[in-house]
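Just so you know, the protein sequences line up as chains A and B, in that order.
Counting in the numbering used here, the first sequence runs from 198 upward without gaps.
Counting in the numbering used here, the second sequence runs from 20 upward without gaps.
Structure record follows, encoded as structure tokens.
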Amino acid sequence: MTSKTNTPGGVPAGSRTLFDKIWDAHLVETLTGDAHLIYIDRHLVHEVTSPQAFEGLRVNGRKVRRPDATLAVPDHNVPTANRDQEISDPESRLQVATLVTNVAEFGVPFIPLNDVRQGIVHVIGPEQGASLPGMTIVCGDSHTSTHGALGALAFGIGTSEVEHVLATQTLVQMKAKSMRIRVEGALPPGVTAKDMALYIIGQIGTGGGTGYVIEYAGEAVRSLDMAGRMTLCNLSIESGARAGLVAPDDVTFTYIEGRPMAPKGEAFTAAVAYWRTLVSDEGAHFDAEHVFQASDIAPMITWGTSPEAVIPVGGSIPDPAVEPDAARRANLQRMLEYMDLKPGPIREIPVDVVFIGSCTNARIEDIRAAAAVARGRTVASGVRALVVPGSGLVKQAAEAEGLDKVLTEAGFEWREPGCSMCLGMNEDKLTPGQRCVSTSNRNFEGRQGPGGRTHLASPAMAAAAAVAGRIVDCREYA
Amino acid sequence: MRPFTTLTGVAAPLPMANVDTDKIIPARFLKTLTRAGLGKALFDGLRYDADGNEIPDFVLNKPAYRKAEILIALDNFGCGSSREHAPWALDDFGLRCIIAPSFADIFYNNCFKNGLLPVVLPRAVCEQLMEDTSLGANARVTVDLERQVVVRANGEEIPFEIDAGRKEALLSGQDEIAETLKAAPAIDRFETQRTAQEPWRTPISLES
Numbered sequence: 198m199t200s201k202t203n204t205p206g207g208v209p210a211g212s213r214t215l216f217d218k219i220w221d222a223h224l225v226e227t228l229t230g231d232a233h234l235i236y237i238d239r240h241l242v243h244e245v246t247s248p249q250a251f252e253g254l255r256v257n258g259r260k261v262r263r264p265d266a267t268l269a270v271p272d273h274n275v276p277t278a279n280r281d282q283e284i285s286d287p288e289s290r291l292q293v294a295t296l297v298t299n300v301a302e303f304g305v306p307f308i309p310l311n312d313v314r315q316g317i318v319h320v321i322g323p324e325q326g327a328s329l330p331g332m333t334i335v336c337g338d339s340h341t342s343t344h345g346a347l348g349a350l351a352f353g354i355g356t357s358e359v360e361h362v363l364a365t366q367t368l369v370q371m372k373a374k375s376m377r378i379r380v381e382g383a384l385p386p387g388v389t390a391k392d393m394a395l396y397i398i399g400q401i402g403t404g405g406g407t408g409y410v411i412e413y414a415g416e417a418v419r420s421l422d423m424a425g426r427m428t429l430c431n432l433s434i435e436s437g438a439r440a441g442l443v444a445p446d447d448v449t450f451t452y453i454e455g456r457p458m459a460p461k462g463e464a465f466t467a468a469v470a471y472w473r474t475l476v477s478d479e480g481a482h483f484d485a486e487h488v489f490q491a492s493d494i495a496p497m498i499t500w501g502t503s504p505e506a507v508i509p510v511g512g513s514i515p516d517p518a519v520e521p522d523a524a525r526r527a528n529l530q531r532m533l534e535y536m537d538l539k540p541g542p543i544r545e546i547p548v549d550v551v552f553i554g555s556c557t558n559a560r561i562e563d564i565r566a567a568a569a570v571a572r573g574r575t576v577a578s579g580v581r582a583l584v585v586p587g588s589g590l591v592k593q594a595a596e597a598e599g600l601d602k603v604l605t606e607a608g609f610e611w612r613e614p615g616c617s618m619c620l621g622m623n624e625d626k627l628t629p630g631q632r633c634v635s636t637s638n639r640n641f642e643g644r645q646g647p648g649g650r651t652h653l654a655s656p657a658m659a660a661a662a663a664v665a666g667r668i669v670d671c672r673e674y675a
Numbered sequence: 020m021r022p023f024t025t026l027t028g029v030a031a032p033l034p035m036a037n038v039d040t041d042k043i044i045p046a047r048f049l050k051t052l053t054r055a056g057l058g059k060a061l062f063d064g065l066r067y068d069a070d071g072n073e074i075p076d077f078v079l080n081k082p083a084y085r086k087a088e089i090l091i092a093l094d095n096f097g098c099g100s101s102r103e104h105a106p107w108a109l110d111d112f113g114l115r116c117i118i119a120p121s122f123a124d125i126f127y128n129n130c131f132k133n134g135l136l137p138v139v140l141p142r143a144v145c146e147q148l149m150e151d152t153s154l155g156a157n158a159r160v161t162v163d164l165e166r167q168v169v170v171r172a173n174g175e176e177i178p179f180e181i182d183a184g185r186k187e188a189l190l191s192g193q194d195e196i197a198e199t200l201k202a203a204p205a206i207d208r209f210e211t212q213r214t215a216q217e218p219w220r221t222p223i224s225l226e227s
């Protein structure tokens, strides 16, 4: 890898990054200190981070300024089975019911649980054409960075900011620094956007992107389909970056055209003409830049309890004994202890559970990748494997292709859409000590259930682990 | 919002890097409808064993730190999810100031919305402050936002940086939404202009 921190100078006057262009187009006012008032085009809302925000509006007698820029859906808490029955967990049921009440009271467009369009908020935004290039998009969820794949400035916010956006359609923001990450060359066969993202996090660290908006560029990024770009941008937050961006191009425009909320006809043509200007100008200044070679990337898997604790599947779990820094050594030891692992190869470690889903990897392309591995094979005895599509429409598309049959015949569970075992707010969670290969985004302690152990990987890697019953190289299961 | 001006209290050391928001408060405690009452779930996985009993070795379970108001940690504190339940839980426990070498962006931002002060100080200074905490209940630290200093138990003053706007908001405890609503005419103008220039920005509609 080559890295540098840029200093201004020698830049053509007026050259702007893609981030600058979106930022400038949304600047309402400059405030005290480094703060700016930024206009928000799209606000996505779910049941977990919104109740206190709606309550705040109610207490202060405020309205939702732009219901027509707001879209709500339940996803974090929802069961992925028995959807014909009411939600069994009383707290989850109340939180989903509260969202239903709030959207009705404030007039916010809402996709209910029994609607085929329901799904993970970051899957349905792009799927419905609600998330478009050049927009500012926020949601009370850190993985809002996903929508940056369309060339939108999309980032997660806390509940106080959810309330602020509901009331004012703006946010008080400090402008982040800009970083460009170029991935040059073509990804080797069997290596996916997930591997690219995990590789980048491994290189720059979980704090490497803190304070930055990352623009991803280079041949390997440009060659990704929209699902891959969404996976890549989704994981930006795991390097600490506020947002990830990919400049929109024909791949983007083809993806958007015809989606329910996308502009139609002449409006679409006008929009594309504008969207084509959303590229970083030649010579535009980035505060930092990293360049990686796609050929250096292999299928990746995490071994620890931070996404940066990642190695190629053929690699070795590091030995804390050789870490000179005492704090880092203690951290490595703690991670190995929690994960019940020893230094050495990661291959062949037995797994108990496989989870294929989440806003990182639950689009139709991800289901296809899992099904390609599952086809004609069987989930290893003693392994529980779940496939949770990202939305009802993804589920429907997969079923139309017969992928559900391929997966269920192999012994995978085929579920209803939601966040599910990514964060274990519903019934889908690990029990203490269980080891899981997961296509989700966080391997934090207890993330998938108290005491659960998570290894992050691509859908193909996860499906291969399910059929092998241990961590294997998915390229041997192609 | 409750203002933050000056705080003098016990500081508790948490010598860990990458303290993520799942560690601060696991997702299963996010099913709440209010901001209150999350303190008992703070650091659940570190604080309690599988049966729900306190782990005596965890710093906030030790008698000297049970009433700590300041927490000192290592790099990248608050990484992960955007859940504002993390600052709510810290606050409900009684912790109103976190000192660390670096913070994750969303967590850092969320603190200011809740009258909590995140202070960035170099790692060596944080480690020094952690050593000071061996004084236990006598390890009283003062954090003076107006003067932008942390005062060690021995009286030494350590300056810290903070954005002027954020400082002002914390000191006054202002309602940010009320402030922004004063800019309603500017927001109106922005919307009118944009609608004229970019008619393709269609409203959210679920009619199919």
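Ideal Cβ placement from N, Cα and C applies to all residues, glycine included.
Exercise. Please go through the same chain and pick out, in chain order, the residues whose beta-carbon is closer than 8 angstroms to the beta-carbon of R574 of chain A, but skip the five residues on each side of it.
Key: Translated into positions along the first sequence, residue 574 of chain A becomes position 377. Counting only Cβ-Cβ distances below 8 angstroms, and skipping sequence neighbours, we find A607, V664 and Y674.
Quiz item: By Cβ distance below 7 angstroms, which residues in the same chain neighbour A188 of chain B in space, the five residues on each side in sequence not counted?
Solution: Along the second sequence, read from residue 1 onward, the residue named residue 188 of chain B stands at position 169. The beta carbon of A188 of chain B lies closer than 7 angstroms to those of F131 and E195 in the same chain, with the five residues before and after it left out.
Quiz item: Using 8 angstroms as the limit for Cβ to Cβ distance, is E165 of chain B near chain A?
Solution: Numbered from its first residue, the second sequence carries residue 165 of chain B at position 146. Answer no: the Cβ-Cβ gap between E165 of chain B and chain A never drops below 8 angstroms.
Quiz item: Whole beta strand (DSSP E) runs in the segment 393-464 of chain A with 3 or more residues, listed along the chain?
Solution: The qualifying runs are 409-414 and 440-442.
Self-check item: Sequence-distant residues of the same chain with beta carbon closer than 8 angstroms to E283 of chain A, five excluded per side
Solution: Stepping through the first sequence from its first residue, residue 283 of chain A is reached at position 86. Only residues of its own chain outside the window of five on either side were considered, and among them R290 have a CB closer than 8 angstroms to the CB of E283 of chain A, listed in chain order.
Quiz item: Listing by chain order, which chain B residues have their CB less than 7 angstroms from the CB of F641 of chain A?
Solution: Indexing the first sequence from 1 puts residue 641 of chain A at position 444. What F641 of chain A touches in chain B: D39, D41, K42 and G99.
Quiz item: Going by the beta-carbon positions, is the gap between D272 of chain A and H243 of chain A smaller than 8 angstroms?
Solution: For this step, residue 272 of chain A is matched to residue 75 along the first sequence. For this step, residue 243 of chain A is matched to residue 46 along the first sequence. Taking 8 angstroms as the Cβ cut-off, D272 of chain A and H243 of chain A qualify as a contacting pair.
Quiz item: Skipping 5 residues on each side, what residues in its chain have a beta carbon closer than 6 angstroms to that of A390 of chain A?
Solution: By one-based count along the first sequence, residue 390 of chain A stands at place 193. Within the same chain, L421, G425, T428 and L429 come within 6 angstroms of A390 of chain A by CB-CB distance, once the 5 residues on both sides are set aside.
Quiz item: How many Å lie between A83 of chain B and G64 of chain B at the Cα?
Solution: Translated into the one-based positions of the second sequence, residue 83 of chain B becomes position 64. Translated into the one-based positions of the second sequence, residue 64 of chain B becomes position 45. Approximately 20 angstroms, taken between the alpha carbons.
Quiz item: Which of the residues in the segment 551-563 of chain A, read from start to end, lie with their CB under 8 angstroms from any CB of chain B?
Solution: Of all residues in the segment 551-563 of chain A, none has a Cβ within less than 8 angstroms of some Cβ in chain B.
Practice problem: Taking C-beta pairs closer than 7 angstroms, name the residues in chain A that I74 of chain B reaches, listed in chain order. | Solution: Taking the first residue of the second sequence as position 1, residue 74 of chain B is located at position 55. Neighbours of I74 of chain B in chain A, taken as residues whose beta carbon is under 7 angstroms from its own, are absent, since the nearest beta carbon is some 13 angstroms off.
Practice problem: Could you say if the segment 380-394 of chain A and the segment 642-655 of chain A meet the contact criterion of at least three C-beta pairs nearer than 8 angstroms? | Solution: Result yes; three or more Cβ-Cβ pairs closer than 8 angstroms.
Quiz item: What does S339 of chain A pair with, by DSSP beta-bridge criteria?
Solution: Your numbering for residue 339 of chain A matches position 142 in the first sequence. According to DSSP, which records beta bridges pairwise, S339 of chain A is partnered with nothing at all.
Quiz prompt | Of the residues B:G56, B:D94 and B:R54, the one placed nearest N37 of chain B, counting alpha carbons only | solution = Along the second sequence, one-based indexing puts residue 37 of chain B at 18. Minimum Cα distance to N37 of chain B is reached at B:D94.
Exercise. Use the C-beta contact count for S285 of chain A: other C-beta atoms within 10 angstroms, 16 or more gives buried, fewer gives exposed.
Key: Mapped onto the first sequence, residue 285 of chain A falls at position 88. So S285 of chain A ends up on the exposed side.
Quiz item: Where does F209 of chain B sit, in a helix, a strand or coil, going by DSSP?
Solution: Position 190 of the second sequence, counted from the start, is the residue given in the question as residue 209 of chain B. Helix at F209 of chain B.
Exercise. Compute the Euclidean distance between the alpha carbons of D76 of chain B and T333 of chain A, then round it to the nearest angstrom.
Key: Numbered from 1 along the second sequence, position 57 holds the residue referred to as residue 76 of chain B. Numbered from 1 along the first sequence, position 136 holds the residue referred to as residue 333 of chain A. About 45 angstroms.
Quiz item: List, in order along the chain, the chain A residues whose C-beta lies closer than 8 angstroms to that of G64 of chain B?
Solution: Counting from 1 along the second sequence, the entry for residue 64 of chain B is found at position 45. By Cβ distance, chain A contributes E642, G643 and P647.
Exercise. Taking A440 of chain A as the reference, give the member of A:G621, A:S342, A:V313 and A:D601 with the closest Cα.
Key: Looking up residue 440 of chain A in the first sequence gives position 243. For A440 of chain A, the nearest C-alpha among the options comes from A:S342.
Practice problem: Express the C-alpha separation of S588 of chain A and I321 of chain A in angstroms, rounding to a whole number. | Solution: Counting from 1 along the first sequence, the entry for residue 321 of chain A is found at position 124. Counting from 1 along the first sequence, the entry for residue 588 of chain A is found at position 391. Whole-angstrom Cα-Cα distance: 7 angstroms.
Exercise. Can you check DSSP and say which residues form a bridge with K132 of chain B?
Key: One-based indexing of the second sequence puts residue 132 of chain B at position 113. In the DSSP output, where bridge partners are listed per residue, K132 of chain B has none listed.
Quiz item: Which chain B residues are close to L234 of chain A, counting only those with a beta carbon under 7 angstroms from its beta carbon?
Solution: What you label residue 234 of chain A is simply residue 37 of the first sequence in a count that begins at 1. In chain order: T199 and A202.
Self-check item: 8 angstroms Cβ cut-off: residues of chain A touching C214 of chain B
Solution: To locate residue 214 of chain B, count along the second sequence from 1; it is residue 195. Before going further, note that residue 214 of chain B is Thr rather than Cys in the sequence given. Contact annotation for T214 of chain B against chain A: no contact, minimum CB-CB distance about 11 angstroms [criterion: below 8 angstroms].
Quiz item: Shorter than 8 angstroms from the beta carbon of E150 of chain B to some beta carbon of chain A?
Solution: In the second sequence, the residue the question calls residue 150 of chain B occupies position 131. Chain A, which has no Cβ nearer than 8 angstroms to the Cβ of E150 of chain B, makes this no.
Quiz item: How far does the beta strand (DSSP E) with I354 of chain A in it reach, from first residue to last?
Solution: Taking the first sequence and counting its residues from 1, one reaches residue 354 of chain A at position 157. Looking at the DSSP string, I354 of chain A is not in any beta strand (DSSP E), and its letter there is neither H nor E.
Practice problem: For E360 of chain A, decide whether its Cβ has a neighbour in chain B, counting only Cβ atoms nearer than 8 angstroms. | Solution: Indexing the first sequence from 1 puts residue 360 of chain A at position 163. For E360 of chain A, the nearest beta carbon of chain B is closer than 8 angstroms to its own beta carbon.
Quiz item: Just checking my contact of G337 of chain A with I219 of chain A at CB under 8 angstroms: how many whole Å lie between their CB atoms?
Solution: Counting from 1 along the first sequence, the entry for residue 337 of chain A is found at position 140. Counting from 1 along the first sequence, the entry for residue 219 of chain A is found at position 22. That pair is no contact at about 20 angstroms.
Practice problem: Quick one: grab the DSSP three-state call for L384 of chain A. | Solution: In the first sequence, residue 384 of chain A corresponds to position 187, counting from 1. In this structure, L384 of chain A counts as coil in the three-state DSSP scheme.
Practice problem: Measure the CB-CB distance between D231 of chain A and G192 of chain B and report whether it falls below 8 angstroms. | Solution: Counting from one through the first sequence, the residue named residue 231 of chain A turns up at place 34. Counting from one through the second sequence, the residue named residue 192 of chain B turns up at place 173. No, these two residues do not count as a Cβ contact at 8 angstroms.
Quiz item: When you compare each of A:V388, A:V551, A:A527 and A:A346 to M453 of chain A by their alpha carbons, which one comes out closest?
Solution: Here residue 453 of chain A refers to the residue found at position 256 when the first sequence is read from its first residue. In the sequence on display, residue 453 of chain A carries Ile and not Met. Among A:V388, A:V551, A:A527 and A:A346, the Cα nearest to that of I453 of chain A is on A:A346.
Quiz item: Do the segment 622-640 of chain A and the segment 43-55 of chain B meet, that is, are 3 or more Cβ pairs less than 8 angstroms apart?
Solution: At 8 angstroms Cβ cutoff, the stretches touch.
Practice problem: With hydrogens ignored, establish whether the beta-carbon of L52 of chain B is closer than 7 angstroms to any heavy atom of the ligand COA. | Solution: Here there are no bound small molecules, and the ligand COA is not part of this structure.
Quiz item: Residues of chain A with a CB under 8 angstroms from the CB of G195 of chain B: which are they?
Solution: Against the second sequence, residue 195 of chain B aligns to sequence position 176. The displayed chain sequence assigns Glu, not Gly, to residue 195 of chain B. The contacting residues are S357, H361 and V369.
Quiz item: Would F209 of chain B count as contacting chain A if we go by Cβ distances under 8 angstroms?
Solution: By 1-based counting over the second sequence, the position of residue 209 of chain B is 190. Under the Cβ criterion of 8 angstroms, F209 of chain B is counted among the residues facing chain A.
Quiz item: Given that a residue counts as buried once 16 or more other Cβ atoms are within 10 Å of its Cβ, and exposed if not, what is R208 of chain B?
Solution: Within the second sequence, numbered from 1, the residue matching residue 208 of chain B stands at position 189. Answer is exposed; the Cβ neighbour count stays below 16.
Exercise. Could you name the residues of the same chain whose beta carbon sits closer than 7 angstroms to that of G382 of chain A, not counting the 5 residues immediately before and after it, in chain order?
Key: One-based indexing of the first sequence puts residue 382 of chain A at position 185. If the five residues before and after G382 of chain A are omitted, its C-beta is found closer than 7 angstroms to the C-beta atoms of E416, A417, Q490, A491 and S492, all from its own chain and listed in chain order.
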